[in-house]
Amino acid sequence: MDKQAVREAVWDAFDEGDQARFPFPPHDRIPNFAGADAACERLTATPEWAAARTLKCNPDAPQLPVRRAALRAGKTLYVAQPRLRDPDPFLRIDPDDLAVADAASDGGGGESAAESDDATVDAPTVDDATTVSGISTHGTPVAPEAVPRVDLVVSGSVGVTTDPETT
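Under this note's numbering, the first residue of the sequence shown is numbered 3, with each subsequent residue one higher.
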């Protein structure tokens with residue numbers, strides 16, 4: 003089975019098995035799926051996650067939980083702009099720029115360290131800054147040569163194999 007046939011089979015299975023999540027349809031993209039939150043939880047339990055201070059993620063919907071977890075853990079996030087058209091094709095989201103604590107990050111009652119700073123009172127929340135539109139609105143454009151060493155790259159895929167001979 004070639005790569006495109008595998009993709010079609012995965013997309014069809016997601017669609018038919020009620021595993022696909024917004025955006026629909028799952029075809030012709032890295033699909034969002036019902037297990038994205040659980041996949042993020044598994045990732046955040048790894049030593050690689052614990053050691054990482056800087057992450058590169060994609061703006062795709064299934065990586066939304068990863069982007070939120072990274073910022074809540076104090077990690078700096080670099081996200082590629084759609085289709086990398088800009089001369090500064092990456093957007094940096096710095097957790098220190100997010101002034102308002104999200105309910106998921108502290109139980110809903112506390113305030114972040116930056117929240118007391120008057121200059122950052124209107125800063126976005128993690129939830130706001132990690133959506134596709136929020137990344138574009140709140141991210142700082144960065145040229146490739148200005149991106150520091152990235153500790154962890156999170157990449158999506160339609161299907162994977164454990165066969166090292168498969169390309």
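Virtual Cβ for every residue (Gly too), placed ideally from N, Cα, C.
Assigned exposure category for residue i - 16 Cβ within 10 Å defines buried
i: F24; result: exposed
i: K5; result: exposed
i: R151; result: exposed
i: P28; result: buried
i: V160; result: buried
i: V68; result: buried
i: R74; result: buried
i: A121; result: At A121 the pLDDT is 49, less than 50, meaning the model places this residue with poor confidence; the figure from the coordinates comes in the next sentence. Under this definition A121 is an exposed residue.
i: D165; result: exposed
i: P146; result: exposed
Best match in the options for proximity to residue i [C-alpha to C-alpha]
i: L93; options: L73, D129 and T142; result: T142
i: N34; options: Q65, P91, A82 and G161; result: Q65
i: A125; options: D165, P49, I95 and A54; result: I95
i: V149; options: D14, A82, T164 and C42; result: A82
i: L86; options: A52, G76, R55 and S138; result: S138
i: D88; options: T164, V156 and V144; result: V144
i: G158; options: D30, P97, G76 and D62; result: D62
i: V134; options: A38, P84 and T163; result: P84
i: G19; options: K77, A36, V156 and V162; result: A36
Backbone secondary structure at residue i - three-state DSSP
i: T48; result: coil
i: P146; result: helix
i: T56; result: strand
i: T139; result: helix
i: A22; result: strand
i: A125; result: coil
i: L93; result: strand
i: L100; result: coil
i: V152; result: coil
i: A82; result: strand
i: A105; result: Because the pLDDT of A105 is 48, which lies under 50, any placement of that residue in the model is unreliable, and the number read from its coordinates should be weighed accordingly. Three-state DSSP puts A105 in a helix.
i: V12; result: helix
Same chain, Cβ closer than 6 Å to residue i, neighbours up to 5 away in sequence not counted
i: R70; result: V128 and T132
i: A72; result: L57 and L79
i: D153; result: A54, R55 and T56
i: L45; result: W51
Neighbourhood of residue i by C-beta distance below 7 Å, restricted to the same chain and skipping five residues each side
i: D108; result: Note that D108 scores a pLDDT of 44, beneath 50, so its modelled location is shaky; the value from the coordinates is reported in the next line. Cβ neighbours of D108 beyond the five flanking positions: none.
Residue i beta carbon near the ligand SAH (any heavy atom closer than 7 Å)
i: P143; result: Among the components modelled here there is no ligand, and therefore nothing to report on the ligand SAH.
Residues that DSSP places opposite residue i in a beta bridge
i: F35; result: A22
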